[in-house]
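In full-length UniProt numbering, the protein residues as written are 1 to 361.
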């Protein structure tokens, strides 16, 4: 194929088609030993690939095409077409070959050729690599600054509407749509000023907007991380030891109060007790049946009320905001009175309205 003397390279084209079928993994016959495909590809890349790319390497030594005649360009076009097929269908082997021999850089030298179809073949090879969205290839492109030959070819084209202009714009549009961050950042940071002058399309402006969005997300992420105190970042959901000790001490104090048989009453308990005692006294007055012996009964009630009020005043005076003690004995003593049942039996079921009396406080 390389030694074909035909100016049209008719036999080289046929041999290239045969070789493409041989190295196509999909067309290989299935065999019992599944490793035969891998062994065949390993043999091809170890013993044959260097012969295939030899004319390419020889013609791109000084970052300038050494020969630019039609026959040489035709042969290099066939080689690039076969290498593009390998990039698309072979992964591991061709990746090592491109990295070890710096093959993409040598291929992009051909974009300086005067033959447009060879320039398009070189650009198509790079487009196949970017389409894989492989991090290894992306880092290789950024590290080698391999967009520079593409940008130079775009500038030399000077905005002419042709296949080269459309192919370059499509490649950058793909980078934007697929959101390949590492390539987007590299293009904007290194060629942003040059591409800002391109105004007949919005591709590069949109690419720069996507880059700005990435930078804004990074800044917001840093700001949100810096706003969190370092003690919270290092000790998440960790409670202070002193707080635990205070809570344990309060819990033990509550346990001691329960053991003493005393209940803790809120600070406003005195007001509640006053209201409840007054209500029970009113109910007691309504249950009186007859005026006979009312003076004695009133005297007895007044005596009991005075005792209750004296006890209540002593409780209120001795109560503190944190500790007011109350006993349920007083509540029950105000309801039952001896002699009520006897008076009801003497009346024989006859009920009289209770006399009105003054309220004692």
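Glycine included, each C-beta is placed from N, C-alpha and C at the ideal position. Computed from a prediction, not measured in an experiment: that's the story for all the values here.
Taken in chain order, the whole beta strand (DSSP E) runs of length 3 or more contained in the stretch 23–93 number zero. Assigned with DSSP and collapsed to three states, residue 204 falls in helix. Ranked by how close their Cα comes to the Cα of residue 70, the residues 104, 7 and 183 have 7 in first place. Across the structure, residue 168 and residue 48 are spaced so that their CA atoms are roughly 32 Å apart. Judged by pairs of C-beta atoms under 8 Å, the stretch 148–156 does not touch the stretch 128–140, as fewer than three such pairs exist. A direct Cα-to-Cα measurement between residue 43 and residue 26 gives close to 18 Å. Rounded to whole angstroms, the Cβ separation of residue 20 and residue 82 is 6 Å, and the two are in contact under 8 Å.
In the three-state DSSP reduction, residue 115 falls in the coil class, being neither helix nor strand. Here the C-alpha atom of residue 78 lies approximately 29 Å from the C-alpha atom of residue 178. Apart from sequence neighbours up to five positions away, no residue of its chain approaches residue 5 with a beta-carbon distance below 7 Å. Rounded to whole angstroms, residue 93 and residue 41 show a C-alpha spacing of 8 Å.
Counting along the chain, the unbroken alpha helix (DSSP H) around residue 184 starts and ends at 181–195.
For the pair residue 100 and residue 50, the Cα-to-Cα distance works out to about 12 Å. Straight across, the Cα-Cα distance linking residue 197 with residue 57 is about 35 Å. Annotation: the continuous alpha helix (DSSP H) that includes residue 174 extends over 163–177.
When the beta-carbon positions are compared, residue 128 and residue 88 come within less than 7 Å of each other.
Distance between residue 63 and residue 110, taken at the CA atoms: about 9 Å. One alpha carbon belongs to residue 199, the other to residue 205, and they sit about 8 Å apart. Ranked by Cα distance from residue 183, the first of 76, 55 and 146 is 146. Nearest in C-alpha terms to residue 46, of all of 84, 116, 67 and 97, is 97.
In the structure shown, the three-state DSSP call for residue 158 is coil. The residue among 195, 55 and 202 with its C-alpha nearest the C-alpha of residue 2 is 55. Nearest Cα to residue 142 within the set 188, 215 and 91: 188. When the beta-carbon positions are compared, residue 107 and residue 122 come within less than 7 Å of each other. Closest in C-alpha terms to residue 160, from the list 17, 201, 222 and 210, comes 201.
Residue 193 sits away from residue 214, with the two beta carbons spaced by 7 Å or more.
Around the beta carbon of residue 222, fewer than 16 other beta carbons sit within 10 angstroms, so the residue counts as exposed. Sorting 133, 176, 67 and 120 by C-alpha distance to the C-alpha of residue 163 places 120 at the top.
Cβ neighbours of residue 37 within its own chain (closer than 7 Å, five residues either side excluded): 25 and 28. The shortest CA-to-CA distance from residue 17 to any of 53, 85, 60 and 35 is the one to 85. Taking 7 Å as the cut-off, the beta carbon of residue 80 is found closer than this to the beta carbon of residue 125. Here the C-alpha atom of residue 9 lies approximately 16 Å from the C-alpha atom of residue 68. Per DSSP, reduced to three states, the secondary structure at residue 3 is coil, with no helix or strand assignment. Residue environment: residue 113 is assigned as buried (16 or more neighbouring CB atoms within 10 Å of its CB, all protein chains considered).
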